[in-house]
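Below is one structure; the comments refer to it alone.
Protein chains: 2
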Amino acid sequence: MYFRCGLNLLYKDLSRLTGRTTQTTWGSLSRSLVLSPQRRIPDFSNFVARTNTCGELRSSHLGQEVTLCGWIQYRRQNTFLVLRDFHGLVQVVIPQDESAASVKKILCEAPVESVVQVSGTVVSRPPGQDNPKMPTGEIEIKVKTAELLNSCKKLPFEIKDFVKKTEAVRLQYRYLDLRSFQMQYNLRLRSQMVMKMREYLCNLHGFVDVETPTLFKKTPGGAKEFVVPSREPGKFYSLPQSPQQFKQLLMVGGFDRYFQVARCFRDEGSRPDRQPEFTQIDIEMSFVDQTGIQSLIEGLLQYSWPRDKDPVIVPFPSVTFAEALSTYGTDKPDTRFEMKIVDISDVFRNTKIGFLQDVLSKPQGTIKAICVPEGAKYLKRKDIESIRKLASEQFNQEVLPVFLKANRNWNSSVAKSIMEEQRLRLITLLEIQDEDVVLLTAGENKKTCSLLGKLRLECADLLEARGVVLRDPALFSFLWVVDFPLFLPKEENPRELESAHHPFTAPHPNDIHLLYTAPEKVRSQHYDLVLNGNEIGGGSIRIHNAELQHYILATILKEDVKLLSHLLQALDYGAPPHGGIALGLDRLICLVTGAASIRDVIAFPKSSRGHDLMSNAPDYIPPEELKPYHIQVSRPTDAKAEKSSWNHPHCPES
Amino acid sequence: MYFRCGLNLLYKDLSRLTGRTTQTTWGSLSRSLVLSPQRRIPDFSNFVARTNTCGELRSSHLGQEVTLCGWIQYRRQNTFLVLRDFHGLVQVVIPQDESAASVKKILCEAPVESVVQVSGTVVSRPPGQDNPKMPTGEIEIKVKTAELLNSCKKLPFEIKDFVKKTEAVRLQYRYLDLRSFQMQYNLRLRSQMVMKMREYLCNLHGFVDVETPTLFKKTPGGAKEFVVPSREPGKFYSLPQSPQQFKQLLMVGGFDRYFQVARCFRDEGSRPDRQPEFTQIDIEMSFVDQTGIQSLIEGLLQYSWPRDKDPVIVPFPSVTFAEALSTYGTDKPDTRFEMKIVDISDVFRNTKIGFLQDVLSKPQGTIKAICVPEGAKYLKRKDIESIRKLASEQFNQEVLPVFLKANRNWNSSVAKSIMEEQRLRLITLLEIQDEDVVLLTAGENKKTCSLLGKLRLECADLLEARGVVLRDPALFSFLWVVDFPLFLPKEENPRELESAHHPFTAPHPNDIHLLYTAPEKVRSQHYDLVLNGNEIGGGSIRIHNAELQHYILATILKEDVKLLSHLLQALDYGAPPHGGIALGLDRLICLVTGAASIRDVIAFPKSSRGHDLMSNAPDYIPPEELKPYHIQVSRPTDAKAEKSSWNHPHCPES
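Following this line, the structure appears as C-alpha cells:
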C-alpha cells in the first residue's frame, strides 16, 4: 500500500537523519517534543476553525464530532484521503452516498496539497485495517461536510521526505520544503530547546533578557562587519559580529546576569557552511569565575536537552589547549572515540633508524603515533595510500603504517629495525591489540600533532565507511577546552601579537606577570565548549581593570584606543569583575538534530554564496534610492585580500 | 539622615514615574517582579562569588554568614556604608576595632560606586534603628573581611534617581544610567513580560518561535528600508521593516502558529520618539479569523501583565474605524475618559444663526461639539484662547466656547441666538452639567472630527494641569479599532489608491464585490489595538488567494508584481487562510512602566537624531573599507523628499 510505504520511508528517513532507530514521525513528533509528562500540553486548536489537529486523534476520541483543517497528502481511489497538518496525518473516508455528492466532489477533485476543512465523526477503522505504524492508525474520519480552502497548482516537487531535491530547489521553494517532516522537526525542536534555555536562565537563575542594538559602530579591526550607510554623508553604522561590548557595558550598568538570543552578522563572503547572519545564546555574569560559567552552561544544556535524546551527563570533562593539541591534534577534539596521539619519542631515543635519529636530534623533533583499532582488518591498501597522500600533500610529512597481524607479526618497512624491547613498549604505550594498525610519523612537534589529528578523523571516516561504529550517533560528547594562549603571533608579521580571541579576554591569573616580560607565553581565561569535535561555544572572564585593558590594547596590540574610549571609561567607573560565553545556536541545533547542514535548522537560510534563492536577495537598487545615503556604486577594483579581524574565526562569540 | 532622605526620594521618584503611589523601591522590585507567589524564586547567587544578594536579606537570615558583592551607594562617618546590587540595598557596619584595621581601611577609602566584596554575619540593628521603609531595614551586616574589587573614579553624575541629568548625558554614560532604579525596573519588567508572553505562546498555545532573516531584499515601495551593500557590485540587501513576507511564507510552509520577538528597522531620519530599530511581538496563525487573533492577544496581555499593576479585563471593547473618527476624531482614541464628540447638526437644522446655516447647507457640513466637564470652573480665559488659536492655526476653523455657569446662564456670543428648545436638546445630547463648557464647531465632517479629537486631548491636558484627574494613571484602557478602509487615495495623486496598511491585507468579506466597482469603499480585515490613545498593535487577515492578491497588486495598486513573484507563487501552492498581528513592544513597555520615552525602556537607544551617543555611531569609515562593497561616498545633492512607503506610518507591523 503506497501510503504505508510512504510512512515507512518517513520513519527510515528520520532514523537516518537523526541517527536514531526510534520510530519518530508526524504523530510521534508531537509526543516526543510536546506531550512529555512534565509539561502541560499546549492547546493547538483554540482561536481557530478546527476542533482538533489531524495528528492528535486516537481511539479515545471515538464518536467525537471534529473539524479538521489540513493539506491533502494522498488520495486513494476516491475512497480515502490522508489529511496532514503540522501535528500528523489522519485518514479521511470520502462519503460515497448520493446525498453527499458535493462533499465527494470537493474531496475527489482537489489536487494533492490543496487545503481543505472537513467535519465529521471519529470512527474505528474496519477490523484488520488498523495501521499500527501510524499514530492515528486505529481511527478514521467519517466526513459530513467539506470545504476547499485553497486549491494547489502543480508543485515543482512532491512534499515527501523521500523525494530527493537539490538544495537549490529546496531553497528556491523554501515554503514548500518547510512542509517536510524533517524541517518541521528541526525548527520545532529549535524553538522548544531555546524556550527551555530561556526558562532555565530567566525563571530559574534570574537572568535578564536584554536586547542590544543591531545598528552599531565598526569595531577597530572589524573587517568582517557589514556596513549600513546613514543619511549623514560618509557616516555608516555597522552590523555587530556579537554584542560583546554591550554585554560588558550591561555588567558595568549593574545588570549582573544578562542573556540574549542574539542575531550576529559576519561578512565572510562565500563560505560553504557559514551564514552571513547567525544566532548565538549570549550570556554574561558579574562576580563569576570560569568554573561558574562552566557550571551554568552544563546546567543549561542539561535542562534544555530534548527528551527524545539521551540525557546530558555533567560536569563535562575539560582539557587544556596544550593537552588538546598534543592528544588530539586540534583545539576541538572529537572525544566520542579514542585513537589518541601518543608521543613515542622516548622509545626511539637510542634507535639506529637513521631518519628517526635525525628528527630527534632537532629542537621540537618528536616521533608520534596513533593506533587505529582493527585497522589491519578494515583499512584497505588504497586507504593507507590515501592517508599517506594526505600527509604528504597537506603536511609534507611521511607516515609510516605498522600493521599488527593476528599472528602478532609486525608488517612494516621498519619492522625489522624495531627491537623487541621497543615493540613491547610501543604495545603498552599505544595499547595495541591484534589486527590494529599504527600510524607513525616523525617531525616537528606541532606539525606531527596536526597531521595525526587530521589522520585520526580520516581513519574514523574510513572505518565507518567499512561499517565499524566508532562514533555512536546517539552520543553527545561535550568537552571544555581551557587555558588558551592570550595572544598569537600575527600571520603577516609574526613578531607582532594579536588577540587569540578578542582583546577583552582576561589573562590567566598565574601568568599576569608575563604580560610585561613574555606576553606570547600568557595563557588566557578563555574557554571553548566542544561537542563531538565541533566548537559550539566560547567565552572568557573579561578584563575589568581599565589600566590593564589600556595596556593590552595600546602597548601589546597597538590598537587605536580612541575607538574604544567608551569601554575604557566604563571600566574606570566601577566595573564589576565579569565573564561570559556565547553558544552558537545554529551549530548546536544542527548537531542535536543530526542535520546535514546548518541551513537545515534555519527557516530561511542564505545559500553558500550568501543569496536568498527564494526572493533573490541581494538585488540591484536603482541609483535614486541610494541618493539619501550619499553613496554610489563604483565599478569593481582589485579588492584587497580581507584583513583578518581580531576575532578567532571559529569562535561564535567573536 | 541623608540616607533615608535618599531612599524617600527614590520612592517619590518612582511613584511619579509610574504614576502609582505604592512604595516600590530597590527591595520591593524583587518582591513585585520576581517573588510573586505563583512563580519559583530564581536563584540569583549560584555560580558566583556571593552567597546572597544585598536586597534579599531579612530577619530570617539573622546569624547567617554571608558574602555580598556590590557597589558602595553611600557611606556615613566611616561607621556605616550602604551596599547596593540589582536586588536592593543593605547596611554594612564598618568594624572599628584595631584587629580589623585593614577591613576598615578598604571600606573607608573606597570611593562611592566602587565595587566591593564583603563577608560577615547578618545581625539585628540596634533597638530603635530599624528602617521600616527599607526592605532590609531590620538587619545589618557585621563585616569580617572585605575586598576592593574595582575602584571608581570621579563620576560625571551621581547614581541617584533624584539627581536630574539631561538625556544626552544619560545616553553618553548609558552604563551608569543603567544603574538607576528606574532603568533597572524598566528593563527587568520588559524581560519578565516578554518571558511570560513566550510561555503563553509557546508552552500554552503551541506557537513556534521562528527566526527570520535580517538581511533581506528591498520590498517594492519600501522607501524607509536601510540598505546593506553586498560584495557583489551594485547588489544590496535591505533590513526589513517587519517579517511580514516571511511569516506569511511560514504559514504556506505549514507552521500553523508562528511567533517571534522580531527586530525591525525603519529609516525615517530624525523623529523624536521613534527608533531606527525597534522590536515587535510578531504573530501569525493559520485557519484563524479576526475574532481568533483578538482573543489570542487579549489572553496574551492578560497572562503577561505585571502583577504590580491592576489586572487586564477581557474582552477589550471594539469600535469601527468610522465610529472612532466620528466619536473621538482619531483612529487611536484614548478611552480612559469620555468627552465624546457629538453631532448636534439636527439641533440647528432650522437655526437662524447665519454661519451655522451656511455650513449645514454644504455637503458633509456638520455642527459638532464636545462637553468639557467642569470646564467653566477650571479652564481659564487664556486656555480658551489657546484652544481657539490651535483650531484656527492647525485646522483653519472657528471654535465657539459655550460656558454653562452655576446659575444655569449660558455664557457665549451665540447664547442669545440659541432657543430654549435647542438648549434643552443640547443639554440632553451632550449631557451638560453645571460648570461645564461646550466647545462647538461647524464645518466639513472629517475636519470637525479631527479638530474636536485634538481639542479633546488638549482639554484633558489643560484640566490635568489644573489638578483634575481625568486619566487615571493606573488605568489601562485597551480598545480594538476595526473595519479600516482597505485603500486610501494617494496624497500626491488622490485618483490613485494605495494600501491603507499593506497590500497583503484581506478585504472585508462583505465588501469583496466592491473591489471591482468601487475599491475606495472596500473595508479591510485590518485591526488595530489601542492602549490609552496609543496604537500598540496592528494586524489583519491576509489574502490567501493568488488571483485576488495579483489583482490588487497589479490592477488596483499598479505595483510591479515581479518583485513579489515568490509570494504570489507561494499562494498558489496550497496556502492556508491565515492572519496575524504585531505588537509594538517598545511602546507597550513604555506605557506599562509609565516611562517618559521609549528610550527609557531600551538598554542602548539611539538619540532622536539616530545617534549612539555613547560609542558615536554612525561614524566615518575609511574609503578602503568600503571598497569590498563597491560603493563610494558621494557629496550631498538635493536629496528628494522621501517617497512614502506602502506602510501605514503608525502601524508597528508594517
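The listed protein sequences derive, respectively, from chains D and G.
Just so you know, the first sequence maps onto residues 3 to 656 in our numbering.
Just so you know, the second sequence maps onto residues 3 to 656 in our numbering.
Just so you know, even glycine gets a beta-carbon here, dropped at the ideal spot from N, CA and C.
Chain G has a Cβ within less than 9 Å of the Cβ of M197 (chain D). Among the residues facing chain G, G271 (chain D) is included, as its CB has a counterpart in that chain under 9 Å away. A direct Cα-to-Cα measurement between P505 (chain G) and A103 (chain D) gives close to 38 Å. Contacts with chain D at 9 Å (Cβ-Cβ) include K219 (chain G). When only Cα atoms are considered, P491 (chain G) and Y239 (chain G) end up about 30 Å apart. Each residue's CA atom was taken as its position, placing M341 (chain G) and V374 (chain G) some 6 Å apart. The residues L381, D385, in chain order, have a CB closer than 7 Å to that of L464 (chain G) in the same chain once the five nearest residues on each side in sequence are set aside. For the region 400-426 of chain G, the set of residues with a beta-carbon nearer than 7 Å to any beta-carbon of chain D is empty.
Rounded to whole angstroms, D513 (chain D) and N411 (chain D) show a C-alpha spacing of 50 Å. In the DSSP assignment, K449 (chain G) falls within the unbroken alpha helix (DSSP H) covering 447-467. Residue burial annotation: H63 (chain D) is buried, with at least 16 other C-beta atoms found within 10 angstroms of its C-beta.
Contact annotation: in the region 85-115 of chain G, residues whose CB is within less than 7 Å of a CB in chain D are D87, F88, E115. The shortest C-alpha to C-alpha distance from K560 (chain D) to any of D:E500, D:P365, D:S61, D:N547 is the one to D:E500. Among the CB atoms of chain G, none fall inside 9 Å of the CB of S599 (chain D). Closer than 9 Å to the CB of D291 (chain G) there is at least one CB belonging to chain D. With respect to the C-alpha of L428 (chain G), the residue from G:G445, G:S153, G:I604, G:I343 having the closest C-alpha is G:I343.
Contact between P113 (chain G) and K106 (chain G) is ruled out by a C-beta separation of about 16 Å, above the 8 Å threshold.
Listed along chain G is no residue with a C-beta nearer than 9 Å to that of I538 (chain D); the closest approach is about 17 Å. For R52 (chain G), at least one C-beta of chain D is nearer than 9 Å to its own C-beta.
In the displayed model, A605 (chain D) falls within coil according to three-state DSSP, outside both helix and strand.
The C-alpha of E460 (chain D) lies about 15 Å from the C-alpha of E376 (chain D). Under the three-state reduction of DSSP, P511 (chain D) is assigned to helix.
Within the region 140-162 of chain G, contact with chain D at the beta-carbon level (separation under 7 Å) is assigned to L151, N152, C154, K155, L157. Between the alpha carbons of F248 (chain D) and G72 (chain G) lies a distance of about 20 Å. Burial is judged here by how many other beta carbons sit within 10 angstroms of a residue's own beta carbon; C204 (chain G) has at least 16 and is buried. When Cβ pairs closer than 8 Å are counted between the two stretches, the region 478-491 of chain G is seen not to touch the region 429-442 of chain G, the count staying below three.
Using a Cβ-Cβ cut-off of 9 Å, Y305 (chain D) does not count as an interface residue toward chain G, since no Cβ of chain G sits closer than that to its own. Assigned with DSSP and collapsed to three states, V210 (chain G) falls in strand.
For F257 (chain G), there is no enclosing alpha helix (DSSP H), as DSSP marks it with neither H nor E.
Looking at the DSSP output, K162 (chain G) bridges to nothing. When the beta-carbon positions are compared, Q174 (chain D) and L615 (chain D) come within less than 9 Å of each other. DSSP places L488 (chain D) in the coil class of the three-state scheme, outside both helix and strand.
In chain order, P235, H632 make up the part of chain D whose C-beta sits under 8 Å from the C-beta of R637 (chain G). The C-beta of E494 (chain G) comes no closer than 9 Å to any C-beta of chain D. The Cβ of G122 (chain G) sits no closer than 9 Å to any Cβ of chain D.
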